[in-house]
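What follows is a set of notes on a single structure, which appears directly below.
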Amino acid sequence: MKKVEAIIKPFKLDDVREALSAAGITGMTAIEVKGFGRQKGHTELYRGAEYVVDFLPKVKIELVLTDDLVETCISAITTAARTGKIGDGKIFVSDVTHVVRIRTGEENEAAV
Amino acid sequence: MKKVEAIIKPFKLDDVREALSAAGITGMTAIEVKGFGRQKGHTELYRGAEYVVDFLPKVKIELVLTDDLVETCISAITTAARTGKIGDGKIFVSDVTHVVRIRTGEENEAAV
Amino acid sequence: MKKVEAIIKPFKLDDVREALSAAGITGMTAIEVKGFGRQKGHTELYRGAEYVVDFLPKVKIELVLTDDLVETCISAITTAARTGKIGDGKIFVSDVTHVVRIRTGEENEAAV
Amino acid sequence: INTLYDRAAGAYLGLAVGDALGATVEFMTPREIREVHGEHRNLIGGGWLRLRKGRVTDDTEMSLALGSSILAAGGVDARAIAEAFSDWMRTKPVDIGHTVRRGISQYRLHGTLEVPENEYDAGNGACMRCLPIALFTLGADAETVAEANRAQSHVTHHNRLADAGTLTVIRMVQAALLGQSKTELRVLAEDLVAAEPQYRFDRRRMENPGGYLVETLRAVFQALFATDSFETALVDVVNRGGDADTTGAILGMIAGALYGPDAIPRRWLGVLDKGSALACVDQSAALLRASTRCAGG
Ligand SMILES: Nc1ncnc2c1ncn2[C@@H]1O[C@H](COP(=O)(O)OP(=O)(O)O)[C@@H](O)[C@H]1O
Ligand SMILES: Nc1ncnc2c1ncn2[C@@H]1O[C@H](COP(=O)(O)OP(=O)(O)O)[C@@H](O)[C@H]1O
Ligand SMILES: Nc1ncnc2c1ncn2[C@@H]1O[C@H](COP(=O)(O)OP(=O)(O)O)[C@@H](O)[C@H]1O
Ligand SMILES: [Mg+2]
Ligand SMILES: [Mg+2]
Chain A
2 MKKVEAIIKP FKLDDVREAL SAAGITGMTA IEVKGFGRQK GHTELYRGAE YVVDFLPKVK
62 IELVLTDDLV ETCISAITTA ARTGKIGDGK IFVSDVTHVV RIRTGEENEA AV
Chain B
2 MKKVEAIIKP FKLDDVREAL SAAGITGMTA IEVKGFGRQK GHTELYRGAE YVVDFLPKVK
62 IELVLTDDLV ETCISAITTA ARTGKIGDGK IFVSDVTHVV RIRTGEENEA AV
Chain C
2 MKKVEAIIKP FKLDDVREAL SAAGITGMTA IEVKGFGRQK GHTELYRGAE YVVDFLPKVK
62 IELVLTDDLV ETCISAITTA ARTGKIGDGK IFVSDVTHVV RIRTGEENEA AV
Chain D
6 INTLYDRAAG AYLGLAVGDA LGATVEFMTP REIREVHGEH RNLIGGGWLR LRKGRVTDDT
66 EMSLALGSSI LAAGGVDARA IAEAFSDWMR TKPVDIGHTV RRGISQYRLH GTLEVPENEY
126 DAGNGACMRC LPIALFTLGA DAETVAEANR AQSHVTHHNR LADAGTLTVI RMVQAALLGQ
186 SKTELRVLAE DLVAAEPQYR FDRRRMENPG GYLVETLRAV FQALFATDSF ETALVDVVNR
246 GGDADTTGAI LGMIAGALYG PDAIPRRWLG VLDKGSALAC VDQSAALLRA STRCAGG
């Protein structure tokens, strides 16, 4: 099995979830994160003064999938999350050696 | 070494930590996350109107361990976190190639 | 490619980012997490009674890098994040099999 | 004049007092200690563990666990020791080192009584609790003492360098119990340096010693041989900071045996946790009564 992690712009979460759901993928975990990269941070008003915050809010989604779904997953995310502007984000794929569904004890393919 | 990640219901965190501590496992990192899966989201009241939020708050714990502790870790989490109702969560195991304890520079088995 | 994850004390984030940037590493994702380990939690006042909250706020940074940058990355983080007092944190290294830059579709070395 | 039993009580109370005194400044540098405390010289608790004053830590508690396992088992038995350490860990102690926790966890999961030899096990966690071995094996031959030390140490720490350092501390405590002077203790320390040159302590002043036993003992030996009383020795070592509760505990057991219990400042004994103090004095006598020297063998 594989874990697919994607860092995306927060407003893209619903689009990405829809695209994945169209591909039959509905289970995932999402986390609010701070992104640092080539995209510059935003300015914020604080006590009347403007200052630069050098990170940007992003959302990280994590999906554990069987190997055969990984390509579909990557293209669904890429298509839905892309705006063409800097900061659209990244996708990382890594191996998962064992999965357990806590409620039932099911393992691996039967657990995702 | 291995990394064990578990997505669990938030109120189960203390029970899971107790169960792990019986095996001498006390070090871990926890993150508040949003879970999407077969368990339906909850309704929330917002400006007087009720609407469905389709994610559920979950807690993700991450533990890096020596290989010989993984089985014990998985069964402690499963037993403590299970309620038998949908949404109990999942456990993912993956390989870690190198660990460093920042304070001392200790590595691998001596760092966890 | 490799993923380097580091759990550090929150006030160390800027120092760590500077040290990494001096080594040419500027892209990363940061997450606020709760740390459990040997370091004692803080005491909180609740309904007039003092009690210990047994986790500590930490920051987890995640960096995906080409293999040749991993050693540099580890020593930059270790040097910048170390205070010598309990709770400085840990670094975990794991393999990443595939990376995609969402904006351009670039892959692997060209995506980090 | 101090009897053998007086010195044994002095050693055990010295251990507890050194632990409690040093705990206030554990993990602080000498400069930080000066800024916060000036010279740290009283049992005021606090420290990174937020202790109430007079409270001891794992240094004293593990010693008491080891000693009671020896008394219950009628000897130094690795399984009884591991079980006693595991029971102690279940009480959610105020602190527990990573190496100790790993060793006890290996015992709980696999019944392991001796962890594999490891370069990372050269910490001071086995040395800090060795006083019961010094008391129980008093009068025994050298190999019996060494073997008893290995049995208790290797439950959590299996490292040749650490074994050598701990064995020297045991020998120093035993020599002091038998009325030998600081000069003779110095010979034992020099014997260690001759066998393991890393332990040399005659060069730079050891400040902020880490958990590495070589650094811990360097601070202990420097403070012991630079001073002439229990109080000045302990104040010297804890103000070097670093792993101060452990340098305090180790120096406390040696200096307590050497100078006797009357040399321990009243103001420290008065604040020391009563339950711990009583357990220490009782166990020092019980272990002596059961020792080779007193029980014969
Ligand atoms: N090496 C990296 N490791 C982990 N996350 C990264 C890395 N580089 C960038 N990111 C994440 O990807 C986001 C987008 O990266 P950025 O460089 O701003 O834009 P782009 O990928 O469009 O060139 C960042 O905000 C950060 O969250
Ligand atoms: N494929 C997946 N990858 C990552 N996290 C998942 C995945 N599927 C489910 N989850 C996480 O597990 C939680 C429980 O999943 P759910 O399908 O609701 O219940 P159950 O596992 O009991 O059938 C979700 O809320 C989500 O956090
Ligand atoms: N086994 C582990 N797996 C994942 N994270 C851990 C683990 N052990 C500790 N941590 C993280 O590292 C932090 C520091 O650990 P701690 O034991 O308090 O200090 P130190 O490593 O300095 O002795 C913890 O707060 C937690 O976030
Ligand atoms: Mg201690
Ligand atoms: Mg200590």
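In order, the protein sequence lines correspond to chains A, B, C and D. Numbering (my numbering) for the first sequence: 2 to 113. Numbering (my numbering) for the second sequence: 2 to 113. Numbering (my numbering) for the third sequence: 2 to 113. Numbering (my numbering) for the fourth sequence: 6 to 302. Cβ coordinates follow ideal geometry from the N, Cα and C atoms, glycine included.
Exercise. Which residue spans inside the segment 61 to 96 of chain A form an unbroken alpha helix (DSSP H) run of at least 4?
Worked result: The segment 61 to 96 of chain A contains these whole alpha helix (DSSP H) runs: 71 to 82.
Exercise. Going by beta carbon distance, what residues of the same chain come within less than 7 Å of D248(D), once the five residues before and after it are set aside?
Worked result: So the list reads E31, N129, P214, G215, G216 and T221, once near-sequence residues are dropped.
Exercise. Mapping DSSP to helix, strand and coil, what is I9(A)?
Worked result: Three-state DSSP puts I9(A) in a strand.
Problem set entry | Residue of T98(C), G106(C), I8(C) and L70(C) minimising C-alpha distance to T84(A) | Of all alpha-carbon atoms in T98(C), G106(C), I8(C) and L70(C), the one lying nearest the alpha-carbon of T84(A) is that of G106(C).
Problem set entry | Of the listed residues I87(A), D89(A), I103(A) and F93(A), nearest to I92(B) (C-alpha basis) | Per the Cα distances, I103(A).
For this session: Give a single yes or no on whether I8(A) has its beta carbon closer than 7 Å to a heavy atom of ligand 1.
Result: Relative to ligand 1, the nearest heavy atom lies less than 7 Å away from the CB of I8(A).
Exercise. Could you give the uninterrupted runs of the alpha helix (DSSP H) lying entirely in the segment 160 to 236 of chain D, keeping only those of 4 residues or more?
Worked result: As far as the segment 160 to 236 of chain D is concerned, its whole alpha helix (DSSP H) runs of at least 4 residues are 165 to 182, 187 to 200 and 218 to 231.
Problem set entry | Proximity test, Cβ basis, 8 Å: I87(C) and chain D | Yes, I87(C) lies at the interface with chain D (some Cβ there is under 8 Å from its Cβ).
Problem set entry | CB contact flag (N244(D), I38(D), <8 Å) | Closer than 8 Å, so yes.
Exercise. Using a C-beta to C-beta distance shorter than 7 Å, which residues of chain B count as neighbours of I109(D)?
Worked result: Neighbours of I109(D) in chain B, taken as residues at a C-beta separation under 7 Å, are given in chain order as G25.
Problem set entry | Among G28(A), A81(A) and D69(A), nearest to G90(A) - alpha-carbon criterion | It is A81(A).
For this session: Using 10 angstroms around the beta-carbon of V65(A), count the other beta-carbons present and answer buried if the total reaches 16, otherwise exposed.
Result: Answer is buried; the Cβ neighbour count reaches 16.
For this session: For F37(B), write down the residues that DSSP places opposite it in a beta bridge.
Result: In DSSP, F37(B) forms a bridge with M29(A).
For this session: Using a Cβ-Cβ cut-off of 8 Å, state whether Y125(D) counts as contacting chain B.
Result: Y125(D) has a beta carbon lying within less than 8 Å of a beta carbon in chain B.
Exercise. Using a threshold of 7 Å, is the CB atom of F37(B) nearer than that to any non-hydrogen atom of ligand 2?
Worked result: Yes, the beta carbon of F37(B) sits closer than 7 Å to at least one heavy atom of ligand 2.
Problem set entry | Contact set between R83(C) and chain B, taken where Cβ atoms lie within less than 7 Å | Within chain B, the residues I103 and R104 have their CB atoms less than 7 Å from the CB of R83(C), given in chain order.
For this session: Specify the secondary structure class of P270(D) as computed by DSSP and reduced to three states.
Result: DSSP places P270(D) in coil when its eight states are reduced to three.
For this session: Return no unless some Cβ of chain B is closer than 8 Å to the Cβ of V100(A).
Result: At least one CB atom of chain B sits nearer than 8 Å to the CB of V100(A).
Exercise. Does the segment 18 to 29 of chain B come within contact of the segment 27 to 43 of chain C, defined as at least 3 CB pairs closer than 8 Å?
Worked result: Taking one beta carbon from each stretch, the segment 18 to 29 of chain B and the segment 27 to 43 of chain C have 3 or more pairs nearer than 8 Å; the two touch.
Exercise. Within 8 Å (strictly less), CB to CB, does R55(D) reach chain C?
Worked result: True, the Cβ-Cβ gap to chain C drops below 8 Å.
Exercise. Considering only the beta carbon of each residue, do K58(D) and L48(D) sit closer than 8 Å?
Worked result: Taking 8 Å as the Cβ cut-off, K58(D) and L48(D) qualify as a contacting pair.
Exercise. Between the segment 185 to 193 of chain D and the segment 17 to 28 of chain D, do three or more beta carbon pairs fall short of 8 Å?
Worked result: Taking a cut-off of 8 Å for Cβ pairs, the segment 185 to 193 of chain D and the segment 17 to 28 of chain D do not touch, as fewer than three such pairs fall below it.
Problem set entry | As assigned by DSSP and simplified to three states, the class of V54(B) | Look at V54(B) here: in three-state DSSP terms it is strand.
For this session: Label H43(C) either buried or exposed according to how many other C-beta atoms from any shown protein chain fall within 10 Å of its C-beta, with 16 as the threshold for buried.
Result: Under this definition H43(C) is an exposed residue.
Exercise. How many angstroms separate the CA atom of T104(D) from the CA atom of V100(B)?
Worked result: Between T104(D) and V100(B), the alpha-carbon positions lie close to 16 Å from each other.
For this session: Compile a chain-ordered list of the residues in the segment 35 to 48 of chain C whose CB is closer than 7 Å to at least one CB of chain D.
Result: Along the segment 35 to 48 of chain C, the positions whose C-beta sits under 7 Å from a C-beta of chain D are R39 and K41, read in chain order.
Exercise. Should T79(C) go down as buried or exposed, given a rule of 16 or more other Cβ atoms within 10 Å for buried?
Worked result: Looking at its Cβ environment, which holds 16 or more other Cβ atoms inside 10 Å, T79(C) is buried.
For this session: Output, in chain order, the set of chain C residues within a Cβ distance shorter than 9 Å of G90(B).
Result: Going along chain C, no residue has its Cβ under 9 Å from G90(B), so there is no contact; the nearest lies around 17 Å.
Problem set entry | Pairwise C-alpha distance: K97(D) and D69(C) | If I take the Cα positions, the gap works out to 43 Å.
Problem set entry | Short Cβ contact (8 Å threshold) for A13(D) with A295(D) | Contact flag unset, no.
Exercise. In three-state DSSP terms, what is R48(C)?
Worked result: R48(C) carries a coil assignment under DSSP once its states are collapsed to helix, strand and coil.
For this session: Ignore the nearest five residues each way along the sequence and tell me which others in L76(D)'s own chain have a CB closer than 6 Å to its CB.
Result: Spatial neighbours of L76(D) in its own chain (CB-CB distance under 6 Å, excluding positions within 5 residues in sequence) are listed in chain order as A291.
Exercise. Any idea which residues DSSP pairs V101(B) with across the strands?
Worked result: V101(B) pairs with E108(B) and I92(C).
Exercise. For D100(D), which residues from the same chain have a beta carbon less than 8 Å from its beta carbon, with the 5 sequence-adjacent residues on both sides left out?
Worked result: Cβ neighbours of D100(D) within its own chain (closer than 8 Å, five residues either side excluded): L54, T62 and D63.
Problem set entry | Below-8 Å beta-carbon distance, D96(B) vs any chain C residue | At least one chain C Cβ lies under 8 Å of D96(B).
Exercise. Within 7 Å: the Cβ of E63(C) and any heavy atom of ligand 1?
Worked result: Answer for E63(C): yes, Cβ within range of ligand 1.
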